[in-house]
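**Student:** Letter 272 of the sequence shown, counting from 1, is numbered 271 in numbering that gives the first Met the number 0, and no numbers are missing.
Below you'll find the structure I mean.
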Amino acid sequence: MFSCAITAHSAPKVVVGYMPIMADAQAFVILGGQTRHTPLAGAKLVEFQDGPDIARAILAGQVDVAYLGVGPAMVARAKGADIRVVAADDVASGGLVAVGDLAHYFETGDARTAFARFTRDKGRKPVIATFPRGSVPEAVLQYWLRKVLEVDPASVNIIHQGVAQARQSLLTGAADAGVVPEPVNTIVTMRRPDARVVVGGMTMFPNQPGAVLVVSEKLIRRDPAYVRSLVAAQVDATALLLDHPEQAAPAVRKYVGGGRLPLNVILQSLENTQASFTADPHQEIESTGRLRDFMVDQGTLAGQLDIDALFDTRFYDRQSK
0 MFSCAITAHS APKVVVGYMP IMADAQAFVI LGGQTRHTPL AGAKLVEFQD GPDIARAILA
60 GQVDVAYLGV GPAMVARAKG ADIRVVAADD VASGGLVAVG DLAHYFETGD ARTAFARFTR
120 DKGRKPVIAT FPRGSVPEAV LQYWLRKVLE VDPASVNIIH QGVAQARQSL LTGAADAGVV
180 PEPVNTIVTM RRPDARVVVG GMTMFPNQPG AVLVVSEKLI RRDPAYVRSL VAAQVDATAL
240 LLDHPEQAAP AVRKYVGGGR LPLNVILQSL ENTQASFTAD PHQEIESTGR LRDFMVDQGT
300 LAGQLDIDAL FDTRFYDRQS K
């Protein structure tokens, strides 16, 4: 779409938090200079292994801009962080990837009984790797177990890990399944012939909210033009990911896997998640409200957070006019 950047906003010195996952792919496209605006040029980048870690950094005042799940964003806002969601990254991505024997139990019977049948035959609970409490993957896993399957979460052994550790657990068989963002599912299914994505994200949590772009309210007040540039770049990056993932893949590869993953793995992961990319924050609002209600019920979110106060859609709305 854009072979080079044509506008570079004179950006304030900002600290940007991100995770090496496909849900943050817009950031990598922007960093690669493939958008008309380059608001991340000169920014200090800090990599995190999961969203709750980014939320803690936000609360400590260490991050100005972040690409993270809307779950940790809500947790940070509820605890007093001055952040607003100004754009979306993705919706309804991910799913449950199962490896080894557990995949067989999903393929040969009702998903509602897969864990019980596995436990009966193997003499142990299946191990499921996911992000820490307060993250979107963990909340989606809990929602699916409790509200969709209607099984006791204690019937499985949930382990909380960052993206790199969860990927390794699935590859080595230390975990039987995982609810972890891409590219983990793609890597695991490409490297393990016995791996399957047995449940899609939409089945686990309908219209599942995903990752979002958040900025501090201090930055919005200080330099709204910079935030406009950031959201404009988000829109451009999303268009490239949707229309030409092959052009985005080299820039994404630099930050996902530290440039060590083969390009075909990156491209396959982008294609697997392509339909989930969106910059439109309006697509996240309704499902974020449902996720908030569930997280409050589970005790991972304190109080009834005002969703309208979390989202600031005016920067995106100006882009669509």
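Positions of the beta carbon are idealized from the N, C-alpha and C atoms, including for glycine.
In this text the structure is predicted, and so the values were computed from the model without any measurement.
Just to confirm the assignment, what range does the alpha helix (DSSP H) spanning Lys-253 have?
**Tutor:** 244-254
**Student:** According to DSSP, which residues form a beta bridge with Ser-215?
**Tutor:** Ile-82
**Student:** Look up Asp-307 in the DSSP assignment and say whether it is helix, strand or coil.
**Tutor:** helix
**Student:** Would you kindly report the start and end of the unbroken alpha helix (DSSP H) that includes Leu-170?
**Tutor:** 162-171
**Student:** Of the choices Ser-92, Ala-24, Val-84, Arg-35, whose alpha-carbon is the least far from that of Asn-271?
**Tutor:** Ser-92
**Student:** Based on DSSP bridge pairs, tell me the residues matched to Arg-195.
**Tutor:** Ala-97.
**Student:** Have a look at Pro-19, Arg-317, Arg-227, Asp-305 and flag the residue whose alpha-carbon is nearest the alpha-carbon of Gly-50.
**Tutor:** Pro-19
**Student:** Quick one: residues in its chain with C-beta nearer than 7 Å to the C-beta of Met-201, no 5 flanking neighbours on either side, listed in chain order?
**Tutor:** Ala-91, Gln-207
**Student:** For the beta strand (DSSP E) containing Thr-129, name the first residue and the last one.
**Tutor:** 126-129
**Student:** Between the C-alpha atoms of Phe-1 and Arg-111, what's the straight-line distance to the nearest angstrom?
**Tutor:** With a pLDDT of 45 at Phe-1, under the threshold of 50, the modelled position of this residue cannot be trusted; read the value that follows with caution. Taking the straight line joining both Cα atoms gives about 47 Å.
**Student:** Per the DSSP calculation, Tyr-17 is bridged to which residue(s)?
**Tutor:** Glu-46
**Student:** Starting from Phe-276, follow its DSSP beta bridges and name the residues at the other end.
**Tutor:** Asp-89
**Student:** Anyone know if the C-beta pair for Pro-180 and Met-294 falls short of 9 Å?
**Tutor:** no
**Student:** Alpha carbon to alpha carbon, how far is Leu-58 from Ala-80? Give it in angstroms, no decimals.
**Tutor:** If I take the Cα positions, the gap works out to 5 Å.
**Student:** Put Gly-177 into one of helix, strand or coil per three-state DSSP.
**Tutor:** strand
**Student:** Answer yes if the stretch 155-167 comes into contact with the stretch 63-77, meaning at least three C-beta pairs across the two stretches below 8 Å, and no otherwise.
**Tutor:** no
**Student:** Can Met-189 and Leu-95 be called in contact, C-beta distance under 9 Å?
**Tutor:** no
**Student:** Applying the criterion that 16 or more other CB atoms from any shown protein chain within 10 Å of the CB defines a buried residue, is Ile-5 buried or exposed?
**Tutor:** Low confidence applies to Ile-5: its pLDDT is 44, below 50, so where it sits in the model is not reliable enough to give any reading.
**Student:** Apart from the five residues on each side of it in sequence, which residues of its chain come closer than 6 Å, Cβ to Cβ, to Thr-118?
**Tutor:** Lys-124
**Student:** Taking the C-alpha atoms as reference points, what is the distance between Val-45 and Val-230?
**Tutor:** 20 Å
**Student:** With DSSP collapsed to three states, give me the class of Arg-145.
**Tutor:** helix
**Student:** Taking just the CA atoms, how far does Ala-236 sit from Ile-82?
**Tutor:** Rounded to whole angstroms, Ile-82 to Ala-236 spans 22 Å at the Cα level.
**Student:** Reducing DSSP to helix, strand and coil, say where Gly-108 ends up.
**Tutor:** Under the three-state reduction of DSSP output, Gly-108 falls in the coil class, being neither helix nor strand.
**Student:** When the Cα atoms are used, what is the spatial distance from Lys-253 to Phe-27?
**Tutor:** 8 Å
**Student:** Out of Ser-215, Ala-247, Gln-267, Ala-274, point me to the one whose CA is closest to Phe-310's CA.
**Tutor:** Ser-215
**Student:** On the DSSP letters alone, give me the boundaries of the alpha helix (DSSP H) that Ile-260 sits inside.
**Tutor:** Sequence check: residue 260 is Leu here, not Ile. Element bounds for Leu-260: n/a, residue is neither H nor E.
**Student:** Does Ala-56 come out as helix, strand or coil in the three-state DSSP assignment?
**Tutor:** helix
**Student:** Of all the options Asp-279, Leu-260, Arg-317, Ala-87, which has the alpha carbon lying nearest to the alpha carbon of Val-183?
**Tutor:** Leu-260
**Student:** For Arg-291, collect the residues of the same chain with a Cβ closer than 8 Å to its Cβ; drop the 5 residues on either side in sequence, then sort them by chain order.
**Tutor:** Met-73, Leu-300, Gln-303, Leu-304, Ile-306
**Student:** Measure the CB-CB distance between Gly-172 and Val-98 and report whether it falls below 9 Å.
**Tutor:** yes
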